[in-house]
Structures are given as structure tokens and as C-alpha cells.
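Under my numbering, the first residue of the sequence shown is numbered 115, with each subsequent residue one higher.
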Amino acid sequence: MSNSNAARAPRDDDRRFDRARGGELRSDARTEARGETGRTTPERPERPKLRLAPPMPVSGPRVPFVVMIVVLVMAGVVGILALNQKINENAFKLDKLRAEQAKLDRQEQDLNQQIAEKEAPGNLAAQARKLGLVPAGAPAFIRLPDGRVVGVPQPANGEPAITSQGG
């Protein structure tokens with residue numbers, strides 16, 4: 115490959131379109147001074163070189179946009195304040211419910227203690243005597259498969275307590 119200028123084809127910017135001569139193509143002075151000749155056909159005029167144009171200035175309505183942004187920011191602030199207030203209200207409700215739960219837990223413990231005291235064997239016997247119940251003797255059992263009685267059934271023969279309700 116050779117880097118000779120003579121072998122190079124004329125570039126687009128070396129040739130100009132001459133409108134004054136009726137659309138003829140002419141070579142640039144630089145090309146002619148070098149002795150280069152390019153093949154040009156008068157039938158096909160060369161297009162002018164296109165250049166990038168700067169973008170059109172965008173002039174949108176700024177006031178509605180600014181108002182919209184301000185409204186969105188204010189709505190966000192109001193929303194955050196409302197959310198914060200609800201969180202605080204719920205914190206107070208939660209504190210109140212926890213205090214009530216602690217009170218109910220203490221009440222449940224008191225009731226369980228009362229039940230435990232009343233279930234004690236000595237207290238059950240005393241309450242039974244107050245109701246007029248007496249201790250039973252030896253029990254008798256009935257076997258279900260054949261209906262046979264095991265043991266001798268006897269009625270209870272103790273005297274009811276003086277504090278009993280029945281006597």
C-alpha cells in the first residue's frame with residue numbers, strides 16, 4: 115500500500131458545488147495546486163455537507179412545574195407529619211394496653227392463688243363438712259364386662275358437722 119497523494123481520490127470537502135455556473139462541480143484550489151484531478155460528472159451534483167445544528171431551546175412553562183414540585187414537597191411533609199402523629203398515638207395506646215395487660219396478669223395470679231388455696235386437701239375436707247358430707251368407708255366396685263360387684267357396699271354412717279347447712 116502506498117501513501118502517495120497522487121493515488122488518493124478527491125475528498126468531498128476538496129470539491130465544491132458551484133451554483134453560479136449552473137450546477138457544475140469545480141475542484142478546490144488546493145486540489146488543483148497539487149496536480150490532482152478527480153473524476154467528476156456534471157450529471158450528478160454533489161450534496162452540500164451536512165452539519166449538526168444546535169438543539170432548539172426548550173422553553174416549557176416553568177411556573178406550573180415549580181408549583182407542582184412545591185405542592186409535592188408540601189404534601190410529603192404533611193404526610194410524614196400525619197404518619198408521625200399516628201405512630202405517637204399508637205405508642206400511647208400500646209403503653210396503655212401494656213399497663214392493662216400487667217394489671218390483668220396480676221389479677222390472674224391472684225385468682226390462681228385463690229384456687230390453689232381452695233384445692234388444698236384440708237380446705238376441701240372443711241368445705242365438705244360444712245355441706246354435710248361425711249367420709250365414706252371402703253368402696254365397692256362394679257365390673258362392667260360381667261356386672262359383678264367387687265367389695266361390700268356400705269352406707270356412710272358419720273355424723274354431719276354442726277356447721278352443716280342440712281341439719
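C-beta atoms are modelled at their ideal positions from N, C-alpha and C, and glycine is treated no differently.
Can you round the beta-carbon distance between residue i and residue j to whole angstroms, since I take them to be within the 8 Å contact cut?
i, j, result
"E270", "A250", "The amino acid occupying residue 270 in the given sequence is Ala; Glu does not appear at that position. Their Cβ separation, rounded to whole angstroms, is 5 Å, which keeps A270 and A250 in contact under 8 Å."
"G261", "A252", "Incorrect: roughly 20 Å between the Cβ atoms, too far for contact."
In chain order, what residues of the same chain lie with their CB nearer than 6 Å to the CB of residue i, ignoring the 5 residues before and after it?
i, result
"V248", "A270 and G272"
"E146", "Residue confidence for E146 is low, a pLDDT of 48 falling below 50, so the modelled location carries little weight and cannot support an answer."
"K163", "none"
Does DSSP put residue i in a helix, a strand or coil?
i, result
"V263", "strand"
CB-CB under 7 Å to residue i, same chain, minus the five flanking residues each way: which ones, in chain order?
i, result
"P267", "A254"
"G236", "none"
"R257", "V264"
Going by other Cβ atoms of all chains shown within 10 Å of its Cβ, with 16 needed for buried, is residue i buried or exposed?
i, result
"G149", "Note that G149 has pLDDT 48, beneath the 50 cutoff, so the model's placement of it is unreliable and no number is given."
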